[in-house]
Each structure stands twice: as structure tokens, then as C-alpha cells.
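One structure is given here, and the rest of the page talks about it.
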Amino acid sequence: MEFKNIMYEKKDFLAWITLNRPQLRNAQNDELRMEILWTLEDSRDDDNVRILIITGAGDKAFSAGADISEFPKRTPADILRGKGKRRMTDLLREIPKPAIAMVNGLALGGGCELAMACDIIIASENAQFGQPEINVGVIPGAGGTQILPRLVGEKKAKELVFTGGFISAQEALALGLINKVVPFEKLRDTVLEMARAMLRHSPVILKLCKLAINKSLEVPLSIGMDYERDLFAMCFGTEDQKEGSRAFLEKRTPQYKGR
């Protein structure tokens, strides 16, 4: 597939998805969202991809959100028919592989939602986060009112959504919205270090870890504990669990096969 709005590279078990509209702060139009959806599905289905990394081109923005030039012609029916924004969020949470957001600048509106849909967020010191949709007469539409409160709490989420204000990477870290803040020049290396730490582990067990933690956000504790127990039991039916245990006892590096 040819891409007009993103760059897509698969190398060393990593899939790099780069929003590539730097002149528009990597704003997301419908075409860009469809391209991202294609890459997410391709990464999901490719056994040689074990971790996804999403970032933005340039040094100003991860993504400043939706391309507002498309808003004037939108109708309620258009929004309900078009599932691109919601589908990106759902896919990132459903894909049984870790996804890392490498936030290299502004992450606003749909950009903040895209980052929050990832499993890990690592940001540069110049990054800012916010849900400013109220400034253009809408509410967040891809998780800003649902995922954000789960990460930063109800009160801070309401403050950000009600005012349309931004927070710095440092404040986002303090609130638990993101995992790390590093100087811009160290951002890529830090993300690669995180990815390589995950690559040392079994992809099938990583998948179960992601499923279990995501489930904890959806169900009461008692149901989540049952779900965790079931996935824990499933581990013992995998070749990778046997290999991991043997390698630990034999004091060697495990050779996982992903099954």
C-alpha cells in the first residue's frame, strides 16, 4: 500500500508508524486515519512484528489532533458512519502486542487520544498534552472522556476537557498519564531501550499480560481476578513457559518461540 500521510517501516521485530504531515503538526485527516488503520492491522497480523512504535514527523508535534478543515462539512450521520478515530483506539488496545507512543511534541485532542491508546508513552521534554476540542465546539471523540479519567482521575480530566488547557510533559508524568520524560535528543534511544527490554520476553506471555491488565479497566475486581487466574493457567500450556522456567533453572538466556 502507498502512503501519503504516514511512514511505515518494519525492522528488527519493530513496526514504526510515523504520522507524516509535519507542516500541519501531523493533524489527522480521514485519509491519514485509514492509513494508520491499515498499518495497525498489518502489524497485528505479521508474526515478525512484536512491538509497535507510533510517533510524529518533525520536532514540533506528535499530533495536534484532528484536521479541523474537515469539520465544517461534518454531519452527525458522518460521525456515526465514520469509525476511523474510534477504531484506531480500539485496535491499539486489542492488538496483542505492546504499543509505544514516542511523543516528540504536541499531543492534543486526537493526538493525545492516540497516545493514550498505546500501552506505554515516552515523551520528550518539549511535549505537551491536552484535550482542547471544546475550543472548536465538540467534545473528545476517541477516548478523551473515557481513557483520560482512568489515567489522571476524574477531577483533572474534567479540568483539561472543560478548559481545553494543556499540560507539560513533566506534569503529565506526575499525573500518571505518561511513563517517562527525556530530552528530545534522547527520545528515540529511550524508546528503543524500552522496546528491547520487552523483546527479551515471550511474545505470547506479553500478549496475556496486556489482555489481563486491559481487562482490569473494564470489570469489577472479582471478575478481573478470575480472568487473571485463567490467563495464568494458560501460561502453563505454552512452550515459552517451559522454556522460560528451564532457562531460569539452568542460568541461561531463554530462547522463546512465541508459542
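In this note's numbering, the protein residues as written are 627 to 885. Positions of the beta carbon are idealized from the N, C-alpha and C atoms, including for glycine. In this text, all values refer to a predicted model and were calculated from it rather than measured experimentally.
Here the alpha carbons of Ala838 and Tyr882 stand approximately 21 Å from one another. The C-beta separation of Ile632 from Glu661 comes to about 5 Å, placing the pair in contact by the 8 Å criterion. Sorting Met714, Leu732, Asp656, Gly767 by C-alpha distance to the C-alpha of Ala683 places Leu732 at the top.
Per the DSSP secondary-structure output, Trp642 pairs in a beta bridge with Glu635, Ile679. Taking the C-beta atoms as reference points, Val787 is found nearer than 8 Å to Gly770. When DSSP states are grouped into helix, strand and coil, Val762 belongs to the helix group.
In this structure Ser695 is exposed. Its beta-carbon is surrounded by fewer than 16 other beta-carbon atoms within 10 angstroms. Listed in chain order, the non-local C-beta contacts of Ile793 below 6 Å within the same chain comprise Phe755, local neighbours out to five positions each way being set aside. Along the length of the stretch 736-802, whole beta strand (DSSP E) runs at least 3 residues long occupy 746-750, 754-756, 792-794, reported in chain order. Rounded to whole angstroms, the gap between the alpha carbons of Ile677 and Ile760 is 34 Å. Contact between the stretch 718-729 and the stretch 737-757 is present: 3 or more CB-CB pairs across the two stretches fall below 8 Å.
Ala823: member of the alpha helix (DSSP H) spanning 813-825, first to last residue.
The alpha-carbon of Leu734 is positioned some 41 Å away from that of Thr864. As the crow flies, the alpha-carbon of Leu650 is around 47 Å from that of Gly870. When DSSP states are grouped into helix, strand and coil, Met627 belongs to the coil group. At the C-beta level, Val830 and Arg885 come within 8 Å of one another. DSSP places Lys833 inside the alpha helix (DSSP H), whose first and last residues are 829-842. When the alpha-carbon of Lys806 is set against those of Leu818, Ser750, Met851, the nearest one is in Ser750.
Taking Asp672 as the centre and dropping the five residues before and after it, the same chain places the C-beta of Lys636, Ala641 closer than 8 Å to its C-beta, in chain order. Setting aside the 5 residues that flank it on each side, Lys833 is surrounded in the same chain by Pro722, Lys723, each with a C-beta closer than 8 Å to its C-beta; the list follows chain order.
In the DSSP annotation of this structure, Ser848 is not part of any beta strand (DSSP E); the continuous alpha helix (DSSP H) holding it starts and ends at 847-861. Bounds of the alpha helix (DSSP H) holding Ser669 are 656-671. By the 16-neighbour rule on beta-carbons within 10 angstroms, Ile773 is buried. Apart from the 5 residues on each side of it in sequence, Ala873 sits with its Cβ closer than 7 Å to the Cβ of Thr879, Pro880 in its chain, given in chain order. If you look at Ala873, you'll find it in the alpha helix (DSSP H) that goes 865-876. The DSSP-derived three-state label of Ile694 is helix.
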